[in-house]
Amino acid sequence: AKANITRDIIHRQIKERGALGFERHYHVTDPFIRRLGLEAELQGHSGCVNCLEWNEKGDLLASGSDDQHTIVWDPLHHKKLLSMHTGHTANIFSVKFLPHSGDRILITGAADSKVHVHDLTVKETVHMFGDHTNRVKRIATAPMWPNTFWSAAEDGLIRQYDLRENSKRSEVLIDLTEYCGQLVEAKCLTVNPQDNNYLAVGASGPFVRLYDIRMIHNHRKSMKQSPSAGVHTFCDRQKPLPDGAAQYYVAGHLPVKLPDYNNRLRVLVATYVTFSPDGTELLVNMGGEQVYLFDLTYKQRPYTFLLPKKCHTSGEVQNGKTSTNGVSNGIHLHSNGFRLSEGRAHVSPQVELPPYLERIKQQANEAFACQLWTQAIQLYSKAVQKAPNNAMLYGNRAAAYMKRKWDGDHYDALRDCLKAISLNPCHLKAHFRLARCLFELKYVAEALECLDDFKGKFPEQAHSSACDALDRDINAALFSKSDNAEDKKGGGPIRLRATGRKDSISEDEMVLRERSYDYKFRYCGHCNTTTDIKEANFFGSNAQYIVSGSDDGSFFIWEKETTNLVRVLQGDESIVNCLQPHPSYCFLATSGIDPVVRLWNPRPESETLNGRVVVDMEGASQANQRRMNADPLEVMLLNMGYRITGLTSGGAGGSDDEDSSEGQVQCRPS
Numbered sequence: 001a002k003a004n005i006t007r008d009i010i011h012r013q014i015k016e017r018g019a020l021g022f023e024r025h026y027h028v029t030d031p032f033i034r035r036l037g038l039e040a041e042l043q044g045h046s047g048c049v050n051c052l053e054w055n056e057k058g059d060l061l062a063s064g065s066d067d068q069h070t071i072v073w074d075p076l077h078h079k080k081l082l083s084m085h086t087g088h089t090a091n092i093f094s095v096k097f098l099p100h101s102g103d104r105i106l107i108t109g110a111a112d113s114k115v116h117v118h119d120l121t122v123k124e125t126v127h128m129f130g131d132h133t134n135r136v137k138r139i140a141t142a143p144m145w146p147n148t149f150w151s152a153a154e155d156g157l158i159r160q161y162d163l164r165e166n167s168k169r170s171e172v173l174i175d176l177t178e179y180c181g182q183l184v185e186a187k188c189l190t191v192n193p194q195d196n197n198y199l200a201v202g203a204s205g206p207f208v209r210l211y212d213i214r215m216i217h218n219h220r221k222s223m224k225q226s227p228s229a230g231v232h233t234f235c236d237r238q239k240p241l242p243d244g245a246a247q248y249y250v251a252g253h254l255p256v257k258l259p260d261y262n263n264r265l266r267v268l269v270a271t272y273v274t275f276s277p278d279g280t281e282l283l284v285n286m287g288g289e290q291v292y293l294f295d296l297t298y299k300q301r302p303y304t305f306l307l308p309k310k311c312h313t314s315g316e317v318q319n320g321k322t323s324t325n326g327v328s329n330g331i332h333l334h335s336n337g338f339r340l341s342e343g344r345a346h347v348s349p350q351v352e353l354p355p356y357l358e359r360i361k362q363q364a365n366e367a368f369a370c371q372l373w374t375q376a377i378q379l380y381s382k383a384v385q386k387a388p389n390n391a392m393l394y395g396n397r398a399a400a401y402m403k404r405k406w407d408g409d410h411y412d413a414l415r416d417c418l419k420a421i422s423l424n425p426c427h428l429k430a431h432f433r434l435a436r437c438l439f440e441l442k443y444v445a446e447a448l449e450c451l452d453d454f455k456g457k458f459p460e461q462a463h464s465s466a467c468d469a470l471d472r473d474i475n476a477a478l479f480s481k482s483d484n485a486e487d488k489k490g491g492g493p494i495r496l497r498a499t500g501r502k503d504s505i506s507e508d509e510m511v512l513r514e515r516s517y518d519y520k521f522r523y524c525g526h527c528n529t530t531t532d533i534k535e536a537n538f539f540g541s542n543a544q545y546i547v548s549g550s551d552d553g554s555f556f557i558w559e560k561e562t563t564n565l566v567r568v569l570q571g572d573e574s575i576v577n578c579l580q581p582h583p584s585y586c587f588l589a590t591s592g593i594d595p596v597v598r599l600w601n602p603r604p605e606s607e608t609l610n611g612r613v614v615v616d617m618e619g620a621s622q623a624n625q626r627r628m629n630a631d632p633l634e635v636m637l638l639n640m641g642y643r644i645t646g647l648t649s650g651g652a653g654g655s656d657d658e659d660s661s662e663g664q665v666q667c668r669p670s
């Protein structure tokens, strides 16, 4: 929508306090995103550019490369200010300015297992740390701790450095091998910009860990000061971390999917983690999967279906259109902050949608009818953002997710079904789709219970073709399940246990995993399977957009709140790994396999779109879904230039088969 900013400009000039609000509001806007294009290419490296970092003011940009050099640029004038060899003997994976050092101190981490500290004014390496025993993947700094920084490496250790105490050694802050065995690798880490006591760590597997640094240090001090610290019985065990110092986050469907991914040699690993500017959200680029956003304030447990209580209804509403008093279906979601009562519940009237939202819903229904699943999902999501208490919109979006069948779609559909039922316990289609989602997610026994509950609540649908088809599928799965002792039992998510000592998972780790929290938003379209340094970032002072690199050489931009994909740009000839937004301008730096740094900003309205805009965003997203589900050998051959039939034809989403026997109760939107 067009906006007149004259009043805001005058207000900014009169009241200096309004300048920051003005900057935040107009930092990154939708018109800017629509006009984002390539401004310049910075050339100077001779290898892949693996890391980028802005200084606090945004007038300097540092880059690190496979050529073992770091370059400091003046990005606003497209000039190279300084280039120096870092002393590393392998690829540089991380580069950071040390806060409050006047942009004089730069820290690098590399594949030679070393962390180096450089003084840029004299172009010398002043400290070299060699404590890690495997590749160093990320460095993290904290705005309020000017002499302290942290590193994450593939030896499974998170180390802390304090340049005031010891310039030769570092201390182990977190040892993941004590929890996950010797094979675990730490890949990324970041410090909360608003509360520097919190450190997020991404490592092998789907779990992301959030640690309270203060609690860890206090625990170790108390251990040292305790008189009995060195006296233990045979059965005593000192916990490496105190209770409450760690909190885990995971996309709720991934632990269940993990065995299937492992069988297909599809590796799940967090390649990048970052906090939102206000520190209340955590963004994760999950290698082998999608981008996930976790809400750190309003946390929610992974959605789990508990045994429904039988209830009888008469004359209640169905499909969310009108409502009177209804009866709960007995689904309990204690940990998600709401619970449907077991007796009679008041169902809030479903207010008619405003005309403009009704038009959006009709457009979504038309897209659904044309089998344009992604377009339908995006339109429903747009309407849901404006009408978050409309059960029909959630139910319809669930149907579109179930038809599209991308990775994670059935779990998002499950979430939407549960939301629709919480808003209207007598939503017929949401009940049935819930049973189908549970089946697709391998909760077979729960799916049968849910289907039986559906038949009891809606007896007129008990013998429909859709019910009969799902009943057959469930019974067939239960029959085959009895022959496979390793399949899931009961309602709890699968947590992989070890097959040997090297990858043994401790009991403490199992407990933390069981207490993990679920995601708030999921962003689809990119592909992250080839490199383990691929970033995803917030874009805008208010974190209005999400950006991520991709294996197809593009980078993707989504609206944060709707999760809708709004822009795709070709950022590299092979793979985009790094995306670092400018701290205060609508300005983006990217890099990847090409030995250049590319700068992007809104182009003038008079300038025609350049050839780097990917017009067919849905086609690019579908191709990436096929790529993520392809055989690793096929992907390797594709990268070498061979055309693989399995990657260029057929539907996205892996091994899910289209159920052609669905009845109207499931597939048609309301």
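Mapping to full-length UniProt numbering: the sequence shown position 664 is 664, numbers consecutive.
Here a beta-carbon is modelled for each residue, glycine too, at the ideal position from N, C-alpha and C.
Since this is a predicted model, take the numbers as computed values, not measurements.
Can residue i and residue j be called in contact, C-beta distance under 9 Å?
i, j, result
"Lys96", "Thr125", "no"
"His427", "Met392", "yes"
"Pro255", "Ile216", "no"
"Val28", "Ser541", "yes"
"Val250", "Asp518", "yes"
"Val568", "Ile575", "no"
"Ser447", "Arg433", "Looking at the sequence shown, residue 447 is not Ser but Ala. No; because the gap between Cβ atoms is not below 9 Å, this pair is not in contact."
"Val208", "Ala270", "yes"
"Pro240", "Glu178", "yes"
"Trp54", "Pro583", "yes"
"Phe287", "Leu268", "Per the sequence shown, the amino acid found at residue 287 is Gly instead of Phe. Yes, these two residues count as a Cβ contact at 9 Å."
"Leu199", "Trp150", "yes"
Which of the three DSSP states, helix, strand or coil, is assigned to residue i?
i, result
"Asp452", "helix"
"His410", "helix"
"Ala477", "helix"
"Tyr249", "strand"
"Tyr545", "strand"
"His217", "helix"
"Met144", "coil"
"Leu379", "helix"
"Val568", "strand"
"Gln362", "helix"
"Arg339", "Confidence at Arg339 is low in this model, with a pLDDT of 34, below 50, so its placement is unreliable and no value can be given for it."
"Pro459", "helix"
"Ser113", "coil"
"Ser516", "coil"
"Gly619", "helix"
What's the C-alpha gap between residue i and residue j?
i, j, result
"Ala186", "His118", "24 Å"
"Ile213", "Ile158", "11 Å"
"Leu98", "Cys527", "32 Å"
"Glu605", "Asp30", "14 Å"
"Cys188", "Thr531", "13 Å"
"Cys450", "Leu438", "8 Å"
"His232", "Pro146", "At His232 the pLDDT is 47, less than 50, meaning the model places this residue with poor confidence and gives no usable figure here."
"Gly156", "Pro581", "29 Å"
"Ser516", "Asp416", "20 Å"
"Gln461", "Phe454", "8 Å"
"His78", "Arg513", "47 Å"
"Gln182", "Lys560", "37 Å"
"Cys51", "His88", "15 Å"
"Asn91", "Glu39", "27 Å"
"Asn262", "Asp407", "15 Å"
In chain order, what residues of the same chain lie with their CB nearer than 7 Å to the CB of residue i, ignoring the 5 residues before and after it?
i, result
"Met144", "Asn196"
"Ser661", "Note on Ser661: pLDDT 33, under 50, position unreliable in the model; no value is reported."
"Gly102", "none"
"Pro193", "Pro143, Phe275, Pro277 and Gly279"
"Ala387", "Leu353, Leu357 and Leu393"
"Glu509", "Tyr179 and Cys180"
"Asp131", "Arg159, Arg169 and Ser170"
"His253", "Gly408, Tyr411 and Leu441"
Going by beta carbon distance, what residues of the same chain come within less than 8 Å of residue i, once the five residues before and after it are set aside?
i, result
"His85", "Gln68 and His69"
Report all residues from its chain with a CB closer than 6 Å to the CB of residue i; omit the five preceding and five following residues, and keep chain order.
i, result
"Asn218", "none"
"Asn365", "Pro669"
Does the beta-carbon of residue i, which I'm using as the reference point, lie nearer than 8 Å to any heavy atom of the ligand COA?
i, result
"Asp30", "Ligands displayed in this structure: none; no statement on the ligand COA is therefore possible."
Ignoring anything shorter than 4 residues, give me the alpha helix (DSSP H) runs that lie fully in the segment 168 to 200, in order along the chain. 177 to 180
In chain order, which continuous runs of the beta strand (DSSP E) of length 3 or greater are located wholly inside the segment 416 to 449? none
Continuous beta strand (DSSP E) assignments of at least 3 residues falling wholly in the segment 89 to 136: 92 to 97, 105 to 110, 115 to 119 and 124 to 129
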